[in-house]
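Right, one structure below, let's go through it.
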Amino acid sequence: MITNENVEGATPLDPDELAGLKFKHITTQSQLDELEQANIVTGLLWLKKNIVREDVLTINFAMDLHKALFKNVWGWAGTFRLTEKNIGIDPLQVSVALRNLLDDLSAWIEFNTYPPFEAVLRFHHQLVKIHPFPNGNGRFSRIYADIIAEKHFALKPVQWGGRNLDKMTQTRRDYINSLRAADGGDLSLLFELYRTN
Ligand SMILES: Nc1ncnc2c1ncn2[C@@H]1O[C@H](COP(=O)(O)OP(=O)(O)O)[C@@H](O)[C@H]1O
Ligand SMILES: [Mg+2]
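Numbering (our numbering), first residue to last: 12 to 208.
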């Protein structure tokens, strides 16, 4: 039975979304984790070779990024969520909210609104708060934030993938707590996680 209910802050999938699973033989969460991780590794390799700096701030790039990371596993990879989740905005608002966020980020870059890594972490938090896709939003948002850091702010990426955030660890608890604090307007805990880079 695939269930991520014991992982704090994970989004449960509804039956329609589970039907999009491309491997029908999977029975456990850890098998799914492994297949997703393999897809992320190959997807990122492909993407790194094909990335065009100017495209990174577009909604098409956002969709292509999610698709590259999850398309071998999920039929709906790269397509926006249609269902309500415990996190995230109304599914009907996703594309507008994402467009607004990317426009905001473009303006922050153009006008130096925030110090570079504050701009990146604000983008990171707001992106995962929108929760554009049925699943994979955590990994997608962290990878996207790293791409923005590297391509638009010449910052060293955090490389969240190496921080073991997908399992129920204290590191994940701290990370989820930092996002919840950011939901309430306090960015300091997320700042700390960026600073320990
Ligand atoms: N209160 C919150 N505010 C913002 N983001 C959150 C909150 N709680 C959890 N998250 C994010 O949502 C992610 C879980 O969404 P999910 O789509 O399952 O992503 P993934 O499959 O990559 O873990 C978490 O990894 C975390 O990044
Ligand atoms: Mg998940």
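Glycine is no exception: its CB is placed at the ideal position from the N, C-alpha and C atoms.
Ligand 1 heavy atom lying under 7 Å from the CB of residue i
i: K140; result: yes
i: S152; result: yes
i: I4; result: For the chain, the structure presents residues 12 to 208; residue 4 sits outside this window and is missing.
i: D194; result: yes
i: G149; result: yes
i: L201; result: no
i: L190; result: yes
i: I187; result: yes
Burial state of residue i, where buried means 16 or more other Cβ atoms lie within 10 Å
i: R133; result: buried
i: T22; result: buried
i: G173; result: exposed
i: S41; result: exposed
i: F151; result: buried
i: R206; result: exposed
i: V131; result: buried
i: N61; result: exposed
i: L176; result: buried
i: H36; result: exposed
Inter-residue Cα distance where the pair is residue i and residue j
i: G20; j: I187; result: 7 Å
i: I141; j: L46; result: 25 Å
i: I120; j: P126; result: 10 Å
i: V169; j: G89; result: 23 Å
i: L55; j: L80; result: 7 Å
i: E104; j: G195; result: Checking the sequence, you will find Gln at residue 104 rather than Glu. Their backbone Cα atoms lie some 21 Å apart in a straight line.
i: R191; j: V139; result: 11 Å
i: I158; j: Q137; result: 15 Å
i: W171; j: I154; result: 7 Å
i: T38; j: L29; result: 12 Å
i: L116; j: L58; result: 21 Å
Heavy atom of ligand 2 within 7 Å of residue i beta-carbon
i: T22; result: yes
i: N146; result: yes
Identity of the residues DSSP links to residue i by a beta bridge
i: W85; result: L32
Cβ-heavy atom distance, residue i to ligand 3, below 7 Å
i: D177; result: Looking for ligand 3 in the displayed structure turns up nothing; the ligands present are ligand 1 and ligand 2.
Practice prompt. Could you tell me whether the stretch 68-87 touches the stretch 50-58, where touching means 3 or more Cβ pairs closer than 8 Å?
Written response: yes
Worksheet item: Hey, is the stretch 166-184 in contact with the stretch 108-119, meaning 3+ C-beta pairs nearer than 8 Å?
Response: no
Worksheet item: Would you say the stretch 143-151 touches the stretch 63-78, given that touching needs at least three Cβ pairs under 8 Å?
Response: yes
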